[in-house]
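Engineer: Letter by letter, the sequence shown follows residues 1 to 165 in the UniProt record's numbering.
Glycine included, each C-beta is placed from N, C-alpha and C at the ideal position.
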Amino acid sequence: MGRTCKVVVCGSSCVGKTALLEQAIFGNHVIGNQNSIATIEDIYVASVESNRGVRERVRFYDTRGLDPKTNPELPKHYFAIADVSLIVVGNKADLYKERQVEYDMVCAWAQKEKVPLYEVTVANRKVLMEPIVALTSKLTLPIVKSSFPLRIKPKQMTSTASHDV
């Protein structure tokens, strides 16, 4: 386990960002709980096993829901926090009759943007872990040292002043 990866979890209000994290990390989310309190900001730290079988530490920043009318943008301080990699997780896949976005449209968008798309439900923890493991594996790729030398030779200093002896 090396450095800690930082992941910012963002999306619209009431889409299940906190439920996704609670279920993935602790396995204690109660499905259908209507008594949830809106998240302002929360941080979760988890040990996630990557695709390489190595446990990595991941810090998840759970953000408040974005609202196109009142809160359309993610606060700028999150841009400095997160390691850069992007995935899209469609939550509530089990509620397909209540979809607000057509699956084909989302797939086309993700393909056009070259962004991995995962459809999950907090009811299935195994499926829920797939995007988390994939993201952790991507963020913790080992650095491969190149055998190609990339040294830059320092320039010879030339002086314009004359040296009289």
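Quick check on the DSSP output: the beta strand (DSSP E) that includes A46 runs from which residue to which?
Structural biologist: Here the beta strand (DSSP E) through A46 covers E41 to E49.
Engineer: Quick test of your reading: V8 and T63, contact by CB under 8 Å. State the CB separation rounded to the nearest angstrom.
Structural biologist: Right, their Cβ atoms sit about 6 Å apart.
Engineer: Taking the alpha-carbon positions, what's the V165 to V144 distance?
Structural biologist: Note on V165: pLDDT 48, under 50, position unreliable in the model; the coordinate value appears next. C-alpha separation (whole angstroms): 53 Å.
Engineer: Considering only the beta carbon of each residue, do Y44 and L21 sit closer than 7 Å?
Structural biologist: Going by C-beta atoms, Y44 is nearer than 7 Å to L21.
Engineer: Distance, Cα to Cα, G11 vs V122?
Structural biologist: Answer to the nearest angstrom: the Cα atoms are 16 Å apart.
Engineer: Does the region 93 to 101 touch the region 34 to 54, meaning 3 or more C-beta pairs lie closer than 8 Å?
Structural biologist: In short, these stretches do not touch, since the Cβ pair count stays below three.
Engineer: Expressed to the nearest angstrom, what Euclidean distance is found between the alpha-carbon atoms of I31 and N124?
Structural biologist: Rounded to whole angstroms, I31 to N124 spans 11 Å at the Cα level.
Engineer: Using three-state DSSP, classify V165 as helix, strand or coil.
Structural biologist: Confidence at V165 is low in this model, with a pLDDT of 48, below 50, so the placement of that residue should be treated as unreliable; the coordinate-derived value is given next. V165: coil per DSSP, three-state reduction.
Engineer: Using 8 Å for Cβ pairs, my map puts R59 next to K138. What's the rounded Cβ distance?
Structural biologist: With a Cβ gap of about 16 Å, R59 and K138 do not count as contacting.
Engineer: Below 7 Å between beta carbons: does that hold for A38 and I25?
Structural biologist: Cβ atoms of A38 and I25: not closer than 7 Å.
Engineer: Buried or exposed, going by whether 16 or more other CB atoms sit within 10 Å of the CB of L135?
Structural biologist: By the 10 Å Cβ count, L135 comes out buried.
Engineer: Can you tell me whether T63 is helix, strand or coil according to DSSP?
Structural biologist: Residue state, collapsed to three classes: strand.
Engineer: Our contact map puts V89 next to P131 with C-beta atoms below 8 Å; I'd like the distance itself, whole angstroms only.
Structural biologist: Between P131 and V89 the Cβ distance is about 5 Å, and since that is below 8 Å, they are a contact.
Engineer: Indicate the three-state DSSP secondary structure (helix, strand or coil) for K17 in the structure shown.
Structural biologist: If DSSP states are grouped into helix, strand and coil, K17 belongs with the helices.
Engineer: What is the rounded straight-line gap between the Cα of Q34 and the Cα of K17?
Structural biologist: Roughly 15 Å separates the two Cα atoms.
Engineer: Would you mind giving the Cβ-Cβ distance between V127 and V48, rounded to the nearest angstrom? I have them listed as a contact below 8 Å.
Structural biologist: V127 to V48, Cβ: 15 Å. No contact.
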